[in-house]
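Take the sequence shown: its letter number 23 is residue 23 in UniProt numbering, and every next letter is one higher.
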Amino acid sequence: SVQCIRSSFDLSSIDVDAVPSLPDTFSAGCKSLNKPEVAVKREITPEDKAEAERLKGEGNKFISENKPLEAVNAYTMALAKDPYNAVYYGNRAAAYSKLNDHAAAIRDCERALQNDPAYSKAYGRMGFAYAAQKNHAKAVECYEKALSLEPDNSSYKQNLETARAALPAEMMQMASQMMQSPQVQQMVASMMGGGPGGPFSGAAAGEPSN
Numbered sequence: 001s002v003q004c005i006r007s008s009f010d011l012s013s014i015d016v017d018a019v020p021s022l023p024d025t026f027s028a029g030c031k032s033l034n035k036p037e038v039a040v041k042r043e044i045t046p047e048d049k050a051e052a053e054r055l056k057g058e059g060n061k062f063i064s065e066n067k068p069l070e071a072v073n074a075y076t077m078a079l080a081k082d083p084y085n086a087v088y089y090g091n092r093a094a095a096y097s098k099l100n101d102h103a104a105a106i107r108d109c110e111r112a113l114q115n116d117p118a119y120s121k122a123y124g125r126m127g128f129a130y131a132a133q134k135n136h137a138k139a140v141e142c143y144e145k146a147l148s149l150e151p152d153n154s155s156y157k158q159n160l161e162t163a164r165a166a167l168p169a170e171m172m173q174m175a176s177q178m179m180q181s182p183q184v185q186q187m188v189a190s191m192m193g194g195g196p197g198g199p200f201s202g203a204a205a206g207e208p209s210n
């Protein structure tokens with residue numbers, strides 16, 4: 001039958017026996033689909049780097065002039081030229097914090113650390129953003145990491161102490177909010193015997209029954 005196929009379709013130059021079977025082809029296709037995609041960094045030309053640095057300088061100037069929105073735009077344009085520069089993300093995070101957009105600041109700090117895990121300023125600025133959100137536990141984590149990378153930074157030390165001091169108040173506030181929840185109140189009442197059938201469901205405690 002193989003010979004008939006060769007003669008009918010002029011496959012004399014093809015090794016029919018070497019053609020993979022349908023199951024093999026399907027299996028190979030599945031393997032290729034399951035391969036993780038590897039992000040390929042695009043090459044940044046010297047011209048792009050120079051323009052990105054110029055735009056970063058503009059952003060820094062806007063920050064010094066208390067124009068954070070213009071600074072965000074300048075850093076964004078710098079990142080369009082060089083999207084792998086951790087400093088640009090860190091600087092834009094600082095500008096976002098000045099705009100009270102602390103969620104955006106945290107995202108930019110995370111992006112900065114993806115490009116440079118040892119960039120201490122990103123941890124410091126992320127700590128500031130978390131503290132502004134009253135998430136002092138996360139702020140403590142960030143400042144501790146920043147200090148591990150830059151142990152002599154007095155600003156990180158002071159901010160870490162402030163965040164740690166705010167932790168008890170934060171925990172008390174969380175506990176107060178929890179106690180205001182009807183579900184928690186019901187659970188506490190049930191645990192104390194105030195649920196259905198408990199001592200508080202009928203006559204007052206200590207009152208003799210008839």
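Heads up, the beta-carbon is just placed ideally off N, CA and C, and yes, glycines get one too.
As assigned by DSSP and simplified to three states, the class of residue i
{"i": "V72", "result": "helix"}
{"i": "T45", "result": "coil"}
{"i": "P83", "result": "coil"}
{"i": "E65", "result": "coil"}
{"i": "L99", "result": "coil"}
{"i": "residue 240", "result": "The structure shown does not extend to residue 240, since the chain is modelled only from 1 through 210, so no value can be given for it."}
{"i": "A131", "result": "helix"}
{"i": "Y119", "result": "coil"}
{"i": "V40", "result": "coil"}
{"i": "N153", "result": "coil"}
Classification of residue i by the beta-carbon crowding that lies within 10 angstroms, buried from 16 upward
{"i": "K81", "result": "buried"}
{"i": "S64", "result": "exposed"}
{"i": "N91", "result": "buried"}
{"i": "S155", "result": "exposed"}
{"i": "P68", "result": "buried"}
{"i": "L99", "result": "exposed"}
Pair within 8 angstroms by beta-carbon distance, residue i and residue j
{"i": "E144", "j": "L160", "result": "yes"}
{"i": "L147", "j": "K157", "result": "yes"}
{"i": "Y75", "j": "K61", "result": "no"}
{"i": "A131", "j": "A137", "result": "no"}
{"i": "Y89", "j": "R111", "result": "yes"}
{"i": "A71", "j": "A95", "result": "yes"}
{"i": "A103", "j": "A78", "result": "no"}
Distance between residue j and residue i (C-alpha atoms, nearest Å)
{"i": "K41", "j": "Y84", "result": "9 angstroms"}
{"i": "E43", "j": "A86", "result": "16 angstroms"}
{"i": "A129", "j": "S97", "result": "7 angstroms"}
{"i": "K162", "j": "E47", "result": "The residue asked about is misnamed: residue 162 is Thr in this sequence, not Lys. Spanning the two alpha carbons is a distance of roughly 44 angstroms."}
{"i": "D101", "j": "T45", "result": "32 angstroms"}
{"i": "K49", "j": "C109", "result": "21 angstroms"}
{"i": "L113", "j": "P182", "result": "41 angstroms"}
{"i": "E141", "j": "A118", "result": "15 angstroms"}
{"i": "I106", "j": "G124", "result": "11 angstroms"}
{"i": "A93", "j": "M126", "result": "8 angstroms"}
{"i": "N115", "j": "D152", "result": "24 angstroms"}
{"i": "R164", "j": "N66", "result": "30 angstroms"}
{"i": "E58", "j": "S120", "result": "23 angstroms"}
{"i": "G206", "j": "Q186", "result": "Any reading at G206 must be qualified, since the residue scores a pLDDT of 42, below 50, and its modelled position is unreliable; the value itself is stated next. G206 and Q186: Cα-Cα distance of roughly 22 angstroms."}
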